[in-house]
């Protein structure tokens, strides 16, 4: 999310909607349901060195600095008014959120069991199951800072300017002093100009976020889900939390994803030549959208740059009338990760969609591709996505989507080509992981509006490489002030 209004928030009501769960907006950290406003986001990963000193600083000086959902909500309208008045300068809008890994929780509350096995194990232990290449049992491509269980917590520090973000980080670290040591410190930056809102491969990002019942009004085609999918203590959660102080908190997944942009661009050109098709169309079929955000389901043959950024249109579709995958391949990224109406409403839990949705809040990092990189078609400087998402069950939400859908060659289940032959979809061509090994995806060549051409895309290696990760619990303000500070 950038500092511009995001589509699902423009119609947001100023409080909890009538007849909906009463959301405690002053207790929920601001990044979970709406997302901290940001052009810059600094991720400060730390280890707790002095538990008592940390608790004292947290309870007395830090907890009240945390940015709440109510403040984030109010800032959306301030930003709208600021923009409507013709202002182009960025407002500081400093945001501060805080999460803890299981090791951090254990230091603050020894023996606390949050009843999420993936959170307890940690992201490093789960990396192999997610398809990350391993060296023995350790993730082979991860930065050393993320290996070995060094991280106890993370501060998310956001704002409209780099100096404002750095000033807040300096204040926070000054308050903590020797109570913590830095493990990893990195800043994500929203891309500028025409690429604002787009990730480094060039696609408009964050288009298909769900709306939240009681907080925002959905646009056409946008799913509106109960808040318990993303924050504890509300309808939609898989089960009540085992500890009362977990209410109004959420599990956060962080993944540092390198994007090999020049290599991916060259790959599209080469494969399009091999397949005898336009490389721009090939890219759209890999993602399921054109770079503008326009979905293939609505405009399968060419981009519509007016449709892509329009929240009244860009999610107003499902896949129920495209069961021959003529418009959008079953294996396209947006269909693999959000198979709208590909499963019947009465389908089993494993095949249902809503219970597995997450709320995303990531940001790009790294510089734009240089002329030298474009010429060499090789990455020389790291860039990619600081992926962040929120949920109330890491195994049943983030991990389910990655393992059961994106990495599952048999997904989507039981479908057939028009000629009656079974569909083997292959991997998600964007985020699918196969331990670093080659993989395939089905149907890159369109059969729209008619035809029965069978085609397979060969992917020699990953163009998105996980280089770090961690699982966090993001507590309520009350939990920060009380249980975790006691």
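Residue numbers (the numbering used here): 32 to 517.
For each residue, glycine too, the CB sits at the ideal point set by N, CA and C.
Asked: As assigned by DSSP and simplified to three states, the class of residue 217; Found: strand
Asked: Identity of the residue in 279, 431, 495, 204 nearest residue 461 by Cα; Found: 495
Asked: Residue span of the alpha helix (DSSP H) that contains residue 305, given as start and end; Found: 292-306
Asked: Reduced DSSP category for residue 54 - H, G, I as helix; E, B as strand; rest coil; Found: coil
Asked: In chain order, each alpha helix (DSSP H) run of at least 4 residues that lies wholly inside the region 149-217; Found: 154-157, 193-207
Asked: Beta-bridge partners of residue 404, as assigned by DSSP; Found: DSSP output for residue 404 lists no bridge partner at all.
Asked: Option nearest residue 124 by Cα separation, candidates 98, 254, 140, 402; Found: 98
Asked: Three or more C-beta pairs below 8 Å linking the region 74-81 and the region 184-193; Found: yes
Asked: Backbone CA spacing between residue 111 and residue 223 [nearest angstrom]; Found: 19 Å
Asked: Span of the beta strand (DSSP E) around residue 470; Found: 470-473
Asked: Endpoints, the beta strand (DSSP E) within which residue 395 is located; Found: 394-396
Asked: Close beta carbons around residue 360, own chain, < 6 Å, minus the five adjacent residues each side; Found: 316, 474
Asked: Residues near residue 113 in its chain [Cβ-Cβ closer than 8 Å; skip 5 each side]; Found: 122
Asked: 8 Å contact criterion, which residue 456 and residue 443 should meet: CB distance rounded; Found: 6 Å
Asked: Residue range of the alpha helix (DSSP H) that includes residue 137; Found: 133-139
Asked: Helix, strand or coil at residue 73 [DSSP, three-state]; Found: strand
Asked: Identified DSSP bridge partners for residue 420; Found: 284, 391
Asked: Cβ separation of residue 589 and residue 228, assumed to be a contact under 8 Å, to the nearest whole Å; Found: With the chain represented from 32 up to 517, any question about residue 589 goes unanswered, as that position is not in the structure.
Asked: Spatial distance of residue 235 from residue 416 (CA atoms); Found: 13 Å
Asked: Residue range of the unbroken alpha helix (DSSP H) whose run includes residue 109; Found: 100-115
Asked: Other residues of its chain near residue 517: CB distance less than 6 Å, five sequence neighbours each side excluded; Found: none
Asked: Identified DSSP bridge partners for residue 229; Found: 235
Asked: Cβ-based neighbour list, residue 225, same chain, cut-off 7 Å, excluding 5 preceding and 5 following; Found: none
Asked: Local conformation of residue 431 per DSSP, three classes; Found: helix
Asked: Beta-carbon proximity check, residue 278 vs residue 263, cutoff 8 Å; Found: yes
Asked: Cα-Cα separation between residue 15 and residue 171, rounded to whole angstroms; Found: Outside the modelled stretch of the chain, which goes from 32 to 517, sits residue 15, for which no answer is possible.
Asked: Residue range of the unbroken beta strand (DSSP E) whose run includes residue 489; Found: 487-490
Asked: Top-ranked residue by Cα proximity to residue 407, from 489, 371, 446, 297; Found: 297
Asked: Close-in-space but distant-in-sequence residues of the same chain around residue 251 (CB under 8 Å, 5 per side omitted); Found: 343, 344, 346, 347
Asked: Straight-line gap, residue 117 to residue 331 (C-alpha atoms, nearest Å); Found: 36 Å
Asked: Close Cβ partners of residue 214 (< 7 Å) along its chain, the five nearest in sequence each way excluded; Found: 76, 77, 78, 176, 181, 182
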